[in-house]
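The structure under discussion appears below in the form of structure tokens.
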Amino acid sequence: MDQFLQLTVAGLGTGMIYALAAVGFVIIYKASDVINFAQGDLLLFGTYLIFFSLVQIGLPWTVGVLLTMLVAAGIGVAVERTVLRPLIGEPIISMIMVTIGLSSVLRAVVHAIWGPQPRTFPSFLPEGEVMLGSAVVSADRLVAIPLALALLAGLALFFRRTRSGIAMRAIADDQQAALSMGISIPRVFATAWALAAVTAAIGGIMLGNIVGVTPNVAQIGLRVFPVVILGGLDSIRGAVVGGAIIGLLEFYAGGYIGHGLNLIIPYVVLIIVLMVRPYGLFGKEIIERV
Amino acid sequence: MSSVSALLELNSVEVLYDDVILVLRGLSLEVPEGHIVALLGSNGAGKTTTLKAISGLLKVEDGEVTDGLIRFDGHEIHGLPADRIVRRGIFQVVEGRHVFEHLTVHENLLAGAHTRRDRGGVPDDLKRVYGYFPRLAERKRQWAGYLSGGEQQMLALGRALMARPRLMLLDEPSLGLAPILVQEIFGIIRRINEEEGTTILLVEQNARLALSVADYGYVMESGRVVLEGSAEELGDNEDVREFYLGLSEIGRRSYRDVKHYRRRKRWLS
Ligand SMILES: Nc1ncnc2c1ncn2[C@@H]1O[C@H](COP(=O)(O)OP(=O)(O)OP(=O)(O)O)[C@@H](O)[C@H]1O
Ligand SMILES: [Mg+2]
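Protein sequence lines, in the order shown, are assigned to chains A and B.
The opening position of the first sequence corresponds to residue 1 in my numbering, with each subsequent residue numbered one higher.
The opening position of the second sequence corresponds to residue 291 in my numbering, with each subsequent residue numbered one higher.
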């Protein structure tokens, strides 16, 4: 029972970080149908940016987090402006190919600036362990859960209530009609990339606290793919639920069955779910009326 | 029609698709402020292309205005991006409704208000739109994709109202709707013109219907205007009576035209 609670908290904590990374992917996919293969590398960038701000510049963590988010937003907008905007109107596949290139570029830049050796920065998430009943769980993963959930709820509100949020969903539904409403497609795409980069950076910051600053963070970032495929490529709720499921499965499989399997089980479950629900758990319903 | 204060003026406009297909061949027309002007013509005459040339939607379809003038309120607007044109006060209700299916009715209306600068006026305008279309008010929280065709057309008009445009471009608002709904929609188009003072350029296949609300009309054939006149003049014109009103065997012929037309459209989409 104690082990179960421990694994559950750790799984959910990790899962919510996956969800943060995945939600950026979903935003870009929803707005522009582009599958962003560089999402994991945006996460990596966030991790190194916070390391840079805290250790190399020596900023207090609050300022460091803000700076990281700001730089990430700038990177998102810059990527949209320089790489993707010229491709608007070209087949989607060329944009997707570009994100694969972008992934290598981001990774190479991180490698060139910071090298391959692992780094650390003083963690600012609560450290140590917390007793939940008789179970011992690590505090940083525990706080990651409400933190990530609050961020994701804020994002959901953004999509329901704000002008840009509604514009973004409108473009996802019908570009021509959105255009006829005076919605500027380049501006919405830029917003989508900025949001995606910022949420990924926040995920990266949390990962930096929990696992440290290493190139492996990009590997962890690759978990967005099972998460979004499971949840549905275009569903924010799906990203949250998918993240939770993948995180939990990883930790349950690792804890109860043994090491190694924790990396396989999530994919097995993924395949089974897709056989039953090809669009993922929350994939967009196609409305058919004739 | 020559009037001093045309809100919209097209002069010898040429439109080319994909750099080779010439679709508008020197089209000229005027829409005076506060009026409803009908643009009639058979399939493929270039009516939709005309509206898109005005609203700036041509660009995303590889279409281009290669010659002529498009003036709105005295200023040349050709070449402006679509969102700037909306901000100037021109709103096109595109053919085939195009509601945002996965947005609620309410959110669709908010999307229509996207370019509004006076955000404070939005709640009042929502009330106004629900006043015009009580049926939309009942379905506020419902996904627009699940509305009936008539309700979707109402939503498309409601979205346009939310932008508070000076000029509305309506592309076949009667398309695929039952006669009773068509009556209702056209009643509201007339009210929008009278109560909001909105100028309207109305494209229609159904000439009789269009002429029943319009002050003036143009008839297009292969990319240019072949006939124009006041609504009464056109209604009395022999050619119009024969080709566009189909006066001898109205019921059946126009019904079959509509069916044929809808089928063609569906293959295209
Ligand atoms: N994107 C496009 N690329 C190439 N040709 C086009 C394009 N859009 C329209 N056309 C052609 O331009 C001509 C006029 O089309 P348009 O849609 O303006 O006609 P319309 O009068 O609105 O017809 P309908 O009553 O069928 O809606 C047609 O011959 C059509 O095939
Ligand atoms: Mg048309």
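Virtual Cβ for every residue (Gly too), placed ideally from N, Cα, C.
No experiment lies behind these values; they were computed from the predicted model shown.
Indicate the three-state DSSP secondary structure (helix, strand or coil) for residue i in the structure shown.
i                      : result
residue 390 of chain B : coil
residue 57 of chain A  : helix
residue 382 of chain B : strand
residue 560 of chain B : What the structure shows of chain B is the stretch from 291 to 559, and residue 560 of chain B is not part of that stretch, so it cannot be assessed.
residue 131 of chain A : strand
residue 18 of chain A  : helix
residue 453 of chain B : coil
residue 328 of chain B : strand
residue 322 of chain B : strand
residue 37 of chain A  : coil
residue 538 of chain B : Because residue 538 of chain B sits at a pLDDT of 43, beneath the cut-off of 50, its placement in the model cannot be relied upon, and the point is left open.
residue 552 of chain B : Below a pLDDT of 50, predicted positions are generally treated as unreliable, and residue 552 of chain B, at 39, falls in that range; no measurement from the model is reported.
residue 181 of chain A : coil
residue 461 of chain B : strand
residue 50 of chain A  : helix
residue 527 of chain B : coil
residue 468 of chain B : coil
residue 298 of chain B : strand
residue 62 of chain A  : helix
residue 270 of chain A : helix
residue 307 of chain B : strand
residue 519 of chain B : strand
residue 316 of chain B : strand
residue 281 of chain A : coil
residue 27 of chain A  : helix
residue 245 of chain A : helix
residue 348 of chain B : coil
Looking only at its chain, what residues have a beta carbon closer than 7 Å to the beta carbon of residue i, apart from the 5 residues adjacent to it on each side?
i                      : result
residue 28 of chain A  : 34, 36, 192, 193, 196
residue 346 of chain B : 370, 371, 372, 375
residue 156 of chain A : 236
residue 265 of chain B : As shown, chain B starts at 291 and ends at 559. That puts residue 265 of chain B outside it, with no answer to give.
residue 249 of chain A : 265, 266, 269
residue 38 of chain A  : 99, 102, 103, 106
residue 140 of chain A : 123, 125, 126, 127, 209, 210
residue 136 of chain A : 6, 129
residue 171 of chain A : 31, 178, 183, 185, 188
residue 51 of chain A  : 119, 121, 208, 213
residue 11 of chain A  : 247, 248, 250, 251, 252
Starting from the C-beta of residue i, find all residues in its chain whose C-beta is less than 8 Å away, skip the five residues before and the five after it, and write them out in chain order.
i                      : result
residue 408 of chain B : none
residue 88 of chain A  : 185, 186, 189
residue 419 of chain B : 399, 426, 448, 451, 452
residue 511 of chain B : 331, 332, 335
Considering only residues of the same chain and omitting the five flanking positions on each side of residue i, which have a CB-CB separation below 6 Å?
i                      : result
residue 85 of chain A  : 186
residue 233 of chain A : 29
residue 568 of chain B : Residue coverage of chain B in this structure runs from 291 to 559, which leaves residue 568 of chain B outside it and unanswerable.
residue 202 of chain A : 20
residue 242 of chain A : 227, 230, 231
residue 471 of chain B : 440
residue 538 of chain B : Residue confidence is low: residue 538 of chain B scores 43 on pLDDT, short of 50, so the model does not pin down where it sits. Its coordinate-derived value is still stated next. Here the set comprises nothing.
residue 437 of chain B : none
residue 49 of chain A  : 68, 71
residue 520 of chain B : 506
- [ ] Anything in the region 157–188 of chain A with a Cβ closer than 7 Å to a Cβ of chain B? List those residues in chain order, please.
- [x] 163, 166, 167, 169, 170, 173, 174, 176, 177, 179, 180, 181, 182, 183, 184
Open item on the list: To be precise: take each residue of the region 395–408 of chain B, compare its Cβ to all Cβ atoms of chain A, and keep it if any distance is under 7 Å. Which residues remain?
Closed with: 397, 400, 401, 402, 404, 405
- [ ] Would you list, in chain order, the members of the region 354–379 of chain B that have their beta-carbon closer than 9 Å to a beta-carbon of chain A?
- [x] 371, 372, 373, 374, 375, 376, 377
Task: 3 or more residues per run - each beta strand (DSSP E) lying fully within the region 152–177 of chain A - done: none
Task: Sequence-ordered residues whose beta carbon comes within less than 7 Å of a heavy atom of ligand 2 - done: B/337, B/338, B/385, B/461, B/462, B/493
Open item on the list: To be precise: take each residue of the region 304–325 of chain B, compare its Cβ to all Cβ atoms of chain A, and keep it if any distance is under 7 Å. Which residues remain?
Closed with: none
TODO: Would you list, in sequence order, the uninterrupted alpha helix (DSSP H) runs of no fewer than 4 residues that lie entirely inside the region 193–242 of chain A?
DONE: 216–221, 224–231
Open item on the list: Using a Cβ-Cβ cutoff of 7 Å, what residues of the region 323–353 of chain B are near chain A? List them in chain order.
Closed with: 345, 347, 350
Open item on the list: Along the region 483–495 of chain B, where does the CB come closer than 8 Å to a CB of chain A? Name the residues.
Closed with: none
Open item on the list: Short of 8 Å Cβ to Cβ, which residues in the region 440–451 of chain B face chain A?
Closed with: 449
Open item on the list: Restricting to runs no shorter than 4 residues, where is the alpha helix (DSSP H) found entirely within the region 86–139 of chain A?
Closed with: 92–114
Open item on the list: Please identify, using Cβ separations under 7 Å, the residues of the region 379–392 of chain B that lie next to chain A, in order along the chain.
Closed with: 382, 384, 388, 390, 391, 392
- [ ] Return the chain-ordered ranges of every beta strand (DSSP E) run that is complete within the region 356–444 of chain B and spans a minimum of 3 residues.
- [x] 380–383
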